[in-house]
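Heads up, the thing below is written out as structure tokens.
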Amino acid sequence: MVVVMSINEATYAKIENTAAAKPLHRNADYLKWFVSDVAADAGNAIRAFAMPLIGLAITGSLSLAGAIGGVSMISSLLMYLPGGVVADRVDRKKLLVVGHGLGVFIWASAIVAYLTGNLNTVALFTLAALSGLRGGFFGGVSIPALRQLVPGEQLPRALAANQARDGAIQMASGPVGGFLVALSVWAPFAAQTIGHGIAWFFSRTIKADLRPGRAQASNTASLSEEDVDATAEALRVRDQITGGFRWLKHHPTITTLTVLVAITAAALNGTIQTLILSLAASGANEARIGLVSTAIAVGMIIGSLIAGRITSRIPTGKLAIASLIFEGVALTPLLVIDNFYVVLIFVAIAALSVPLFNSAASGWSIAQIPEDQIGSIGAAAGLINAGLLPLAPIMAGVGLDAFGYTATLAMFIALNLLAGCATALLPEFRRVGIPSEWGITGR
Numbered sequence: 009m010v011v012v013m014s015i016n017e018a019t020y021a022k023i024e025n026t027a028a029a030k031p032l033h034r035n036a037d038y039l040k041w042f043v044s045d046v047a048a049d050a051g052n053a054i055r056a057f058a059m060p061l062i063g064l065a066i067t068g069s070l071s072l073a074g075a076i077g078g079v080s081m082i083s084s085l086l087m088y089l090p091g092g093v094v095a096d097r098v099d100r101k102k103l104l105v106v107g108h109g110l111g112v113f114i115w116a117s118a119i120v121a122y123l124t125g126n127l128n129t130v131a132l133f134t135l136a137a138l139s140g141l142r143g144g145f146f147g148g149v150s151i152p153a154l155r156q157l158v159p160g161e162q163l164p165r166a167l168a169a170n171q172a173r174d175g176a177i178q179m180a181s182g183p184v185g186g187f188l189v190a191l192s193v194w195a196p197f198a199a200q201t202i203g204h205g206i207a208w209f210f211s212r213t214i215k216a217d218l219r220p221g222r223a224q225a226s227n228t229a230s231l232s233e234e235d236v237d238a239t240a241e242a243l244r245v246r247d248q249i250t251g252g253f254r255w256l257k258h259h260p261t262i263t264t265l266t267v268l269v270a271i272t273a274a275a276l277n278g279t280i281q282t283l284i285l286s287l288a289a290s291g292a293n294e295a296r297i298g299l300v301s302t303a304i305a306v307g308m309i310i311g312s313l314i315a316g317r318i319t320s321r322i323p324t325g326k327l328a329i330a331s332l333i334f335e336g337v338a339l340t341p342l343l344v345i346d347n348f349y350v351v352l353i354f355v356a357i358a359a360l361s362v363p364l365f366n367s368a369a370s371g372w373s374i375a376q377i378p379e380d381q382i383g384s385i386g387a388a389a390g391l392i393n394a395g396l397l398p399l400a401p402i403m404a405g406v407g408l409d410a411f412g413y414t415a416t417l418a419m420f421i422a423l424n425l426l427a428g429c430a431t432a433l434l435p436e437f438r439r440v441g442i443p444s445e446w447g448i449t450g451r
């Protein structure tokens, strides 16, 4: 989930003029971006599903298996701000190409480690750290690139398409990931490697100019002409890094909302990790475990279909708040249900809320950020938003070892409910209207 930003009417008008208003399916560069993103995300989803199972098999510990995921997330957080600054200063097409190239190298190395008998606990933590660093630094480039490829009024539709795509990927990742783990430990790593390889190829074929905004480019040029020394340049980079936080400082409602959404995201992730690790520890086969991801995917696909129809009709603020509260309510029955398939039904129902929130609130947030600052502001918000995520797999693993399934699940669901309900207490967010009103709401 991505937290929303405040309204800037001039910025909204600017966004609408950044790309030709042609249908998404006729926008060749958008389609190349889409295929690239699908390939990378599909490989990542398959490998991410398999990673706790691989970690448990190699380490023999639920806590260590959860900690591997935590290390990856912490490493990613460390690179959010540097990655955001670079995304505002460097050609985003080049960043996409380099980022996916590094992804190929990292996961090809994992295959080599396994085949040579060196895939041990240390190697898994090292791979998790390297993957997290790469993802944190380059992962924030994709949405700014999308922002430059489609007009502002098409962002909600493009993001709804992303949610449908993510749902389909999620649906396939469980069964495919489970099958590949059963086939061989190296197979999920191969899926990730191939995904990055396809993404690398299609990123290279994008023809649009994905350099950051010209205002920033001209500022950089003038600084170069004046022979700015290294100290002055370092200060400018520092100002750019802190600029996102300064922007958030002047929008306290948004900062509060960012924290609340971070809690709900971590709680949902922790709930899913608890289910998966508990099933793995009980000896469930990979196909059965994969059904958890399938249930999430079914909910996300249905939710994305609903979102595509209602985001232009229901006020964004009310829709986003209702979706967060709905998520926590839908997860609550898991505390008293023993039947595995009924659990899957409620997981799918809870997952309906994810595309509803993202297609509404994320489209609004992206549309409000100045194009030449989207990297730094997005990184600052993303750092806060994702700050709790590394704790989710760690808490799931430690909680299962120390307190058991029900207590661990209850903790995550309670956090989800409390944070979701708290968003309704933010009056500024409640007043956000439908997309056609975004340009005037903040006057």
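Following this note's numbering, the numbering of the sequence shown begins with 9 at its first residue and continues without gaps. From the three backbone atoms N, C-alpha and C, an ideal C-beta is built for every residue, glycine too.
Write down the C-beta distance between H108 and S192 rounded to the nearest angstrom, noting that I regard them as a contact closer than 8 Å.
The sequence position of residue 108 within the sequence shown is 100, counting from 1. The sequence position of residue 192 within the sequence shown is 184, counting from 1. Wrong, their Cβ atoms sit about 24 Å apart, outside the cutoff.
Given a threshold of 16 other Cβ atoms within 10 Å of its Cβ, counted over all protein chains shown, does L440 qualify as buried or as exposed?
By 1-based counting over the sequence shown, the position of residue 440 is 432. According to the sequence displayed, residue 440 carries Val and not Leu. By the 10 Å Cβ count, V440 comes out buried.
In angstroms, rounded to a whole number, what distance separates the CA positions of S367 and A270?
Here the question's residue 367 lines up with position 359 in the sequence shown. Here the question's residue 270 lines up with position 262 in the sequence shown. Each residue's alpha carbon lies about 17 Å from the other.
Using a Cβ-Cβ cutoff of less than 7 Å, which residues in the same chain neighbour G63 once the five nearest sequence positions on both sides are dropped?
As a working note, residue 63 is residue 55 in the sequence shown. Cβ neighbours of G63 beyond the five flanking positions: L72, A73, I76 and L132.
Identify, in the order they occur along the chain, each residue of the same chain with its Cβ nearer than 6 Å to the Cβ of V184, setting aside the five sequence neighbours on each side.
For the purposes of this step, residue 184 is taken as the residue at position 176 of the sequence shown. Result list for V184: I54, in chain order.
Looking at the structure shown, is V158 part of a helix, part of a strand, or coil, going by DSSP?
Numbered from 1 along the sequence shown, position 150 holds the residue referred to as residue 158. The answer is coil: DSSP assigns V158 none of H, G, I, E or B.
So G110 packs on R142, CB below 8 Å; how close in whole Å?
The residue labelled residue 110 in the question sits at position 102 within the sequence shown. The residue labelled residue 142 in the question sits at position 134 within the sequence shown. Per the sequence shown, the amino acid found at residue 110 is Leu instead of Gly. The pair is a contact, with the Cβ atoms about 5 Å apart (cut-off 8 Å).
Comparing C-alpha positions only, which one of T340, G386 and R438 sits nearest to T414?
As a first step, residue 414 is located in the sequence shown; it is residue number 406 there, counting from the start. The residue with the shortest Cα to Cα distance from T414 is T340.
Evaluate contact between the segment 265-281 and the segment 313-326, counting only Cβ atoms and requiring at least three cross-stretch pairs below 8 Å.
At 8 Å Cβ cutoff, the stretches do not touch.
According to the neighbour-count rule (16 or more other Cβ atoms, all chains shown, within 10 Å of its Cβ), is V344 buried or exposed?
Translated into the one-based positions of the sequence shown, residue 344 becomes position 336. Classification for V344: exposed.
Can you tell me whether G412 is helix, strand or coil according to DSSP?
Along the sequence shown, one-based indexing puts residue 412 at 404. The answer is coil: DSSP assigns G412 none of H, G, I, E or B.
Within the same chain, show all residues whose beta-carbon is closer than 7 Å to that of A402, passing over the 5 residues directly before and after it, in chain order.
The sequence position of residue 402 within the sequence shown is 394, counting from 1. Residue identity differs from the one stated: residue 402 is Ile in this sequence, not Ala. Answer for I402: G74, A75 and G78, listed in chain order.
Can the beta-carbon of P152 be found less than 8 Å from the beta-carbon of A207?
On the sequence shown, residue 152 is found 144 positions in, with the first residue counted as 1. On the sequence shown, residue 207 is found 199 positions in, with the first residue counted as 1. Cβ distance not < 8 Å, so P152 and A207 don't count as in contact.
I need the straight-line Cα distance from I82 to L61, nearest angstrom please.
Here residue 82 is taken as the residue at index 74 of the sequence shown, counted from 1. Here residue 61 is taken as the residue at index 53 of the sequence shown, counted from 1. C-alpha separation (whole angstroms): 20 Å.
Between which two residues does the alpha helix (DSSP H) containing D454 stretch?
A question about residue 454 goes unanswered here, because the residues of the chain that appear run from 9 up to 451.
Would you decide whether E445 is buried or exposed? Buried here means 16 or more other CB atoms lie within 10 Å of its CB.
Looking up residue 445 in the sequence shown gives position 437. Looking at its Cβ environment, which holds fewer than 16 other Cβ atoms inside 10 Å, E445 is exposed.
With burial defined as no fewer than 16 other Cβ atoms inside 10 Å of the residue's Cβ, what is the status of K215: buried or exposed?
What you label residue 215 is simply residue 207 of the sequence shown in a count that begins at 1. By the neighbour-count rule (16 or more Cβ atoms within 10 Å), K215 is not buried but exposed.
Could you tell me the distance, in whole angstroms, from the CA atom of I284 to the CA atom of A389?
Along the sequence shown, one-based indexing puts residue 284 at 276. Along the sequence shown, one-based indexing puts residue 389 at 381. Taking the straight line from one Cα to the other gives about 29 Å.
Given a cut-off of 8 Å, decide if G395 and V362 are closer than it, judged by their beta-carbon atoms.
Stepping through the sequence shown from its first residue, residue 362 is reached at position 354. Stepping through the sequence shown from its first residue, residue 395 is reached at position 387. No; because the gap between Cβ atoms is not below 8 Å, this pair is not in contact.
Between A303 and V355, is the Cβ-Cβ spacing less than 8 Å?
The residue labelled residue 303 in the question sits at position 295 within the sequence shown. The residue labelled residue 355 in the question sits at position 347 within the sequence shown. Yes, these two residues count as a Cβ contact at 8 Å.
Assign Y38 to buried or exposed, taking buried as 16 or more other Cβ atoms, counted over all protein chains shown, within 10 Å of its Cβ.
For the purposes of this step, residue 38 is taken as the residue at position 30 of the sequence shown. The residue is buried, with at least 16 neighbouring Cβ atoms inside 10 Å.
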